[in-house]
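Numbering (my numbering), first residue to last: 557 to 816. Structure first, then comments.
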Amino acid sequence: MEILIQPSKQEACALGARWIARLLRAKPNAVLGLATGSTPVLLYQELIRLHREEGLDFQAVTTFNLDEYLGLAPTHLASYHHFMRENLFRHINICEKNTHIPDGLTTDVPDTCRKYEDQIQAAGGIDLQILGIGGDGHIGFNEPGSSLASRTRIKTLTERTRQDNAPFFDSPNEIPRHVLTMGVGTIMDAREIVLLAFGETKAQTLAAAVEGPVTASVPASILQFHEKATFLVDEAAATHLKRADYYRWVDANKPKWQQV
Ligand code: F6R
């Protein structure tokens, strides 16, 4: 586990984008796991810039998104299909057929979820999974209490998460109660994980995930068991980390070959 504290979320996202670019240059047909929400927006903007200005190539890349609201059409402005199209896909040279997001309009949830898992397997597994973290410690939409071995399935959102996501909906009644999400076990199968966390509102949860006990009550804490998990955070999100100075020291003293 590695914790990289950056002065700002702009710098953290620039580093995250270089991380992804390094992978794509080494493996042009890499499989990326992607997140939505406010956290990765700047990261995606930086990837778009790298594509436009430095020719970062997405032609052979495959992507799998973490989650989608159940009942929302891909055209709904709050759907994650819409989010991904507007914030990343339509600005880069990715093939639409290589992008995957759970089908929020499915009429057979178990079958759709099983097939999503199969598609990830068939693509060779996820090379690099990007994550945000919910205020309650969720990853994907695996709310506290989710099985740490769970696979893609339906989940019921907590009222807190519904309220956190309220700004994207016209009225509170419109916010879906159910979602399809990769499971914690699905996420943990990724060969590498980069979790982004920015701002004071994430500080307490981040500290619980990184330095607290591993528990289903804080699903992100399972990343302590991942062989290659990196937390890319800004100063504000790092304020509750007890070992922040050590993490900075480790970063400042990295051998050259380890630097991105
Ligand atoms: C999004 C996702 C969620 C978010 C989390 C943080 O695909 O899976 O886990 O990463 O809710 O959301 P923001 O970034 O809006 O604070």
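C-beta atoms are modelled at their ideal positions from N, C-alpha and C, and glycine is treated no differently.
Inclusion of residue 557 and residue 713 in the CB contact set at 8 angstroms is not warranted, their separation being larger than that value.
Annotation for residue 755: no beta strand (DSSP E) segment contains it, and DSSP assigns it neither H nor E. Inclusion of residue 702 and residue 775 in the CB contact set at 8 angstroms is warranted, their separation being smaller than that value.
Taken from the Cβ of residue 650, every heavy atom of the ligand F6R lies 7 angstroms or farther away.
Per DSSP, residue 562 is one residue of the beta strand (DSSP E) stretching across 558-562.
Taking 7 angstroms as the cut-off, one finds no heavy atom of the ligand F6R near enough to the beta carbon of residue 746. With a threshold of 7 angstroms, the Cβ atom of residue 803 does not count as near the ligand F6R, since no heavy atom of the ligand is closer than that. For the pair residue 691 and residue 614, the Cα-to-Cα distance works out to about 31 angstroms.
When secondary structure is reduced to three states using DSSP, residue 768 falls in the coil class, being assigned neither helix nor strand. Judged by DSSP secondary structure, residue 587 falls within the beta strand (DSSP E) whose first and last residues are 587-590. Sequence-distant Cβ neighbours of residue 639 in its own chain, meaning closer than 7 angstroms and more than five residues away, are 592. Remark: the C-beta of residue 623 is in contact range of the ligand F6R, defined as less than 7 angstroms to any heavy atom. A straight-line Cα-Cα distance of about 12 angstroms links residue 571 and residue 787. Comparing C-alpha distances from residue 734 to each of 717, 594, 723 shows the shortest one belongs to 717. Three or more pairs of CB atoms, one per stretch, sit closer than 8 angstroms, so the stretch 651-668 contacts the stretch 617-629. Secondary-structure assignment with DSSP links residue 685 through a beta bridge to 589, 749. For residue 789, the uninterrupted beta strand (DSSP E) run begins and ends at 785-790, by DSSP. In the structure shown, residue 707 falls within a coil segment according to DSSP collapsed to helix, strand and coil.
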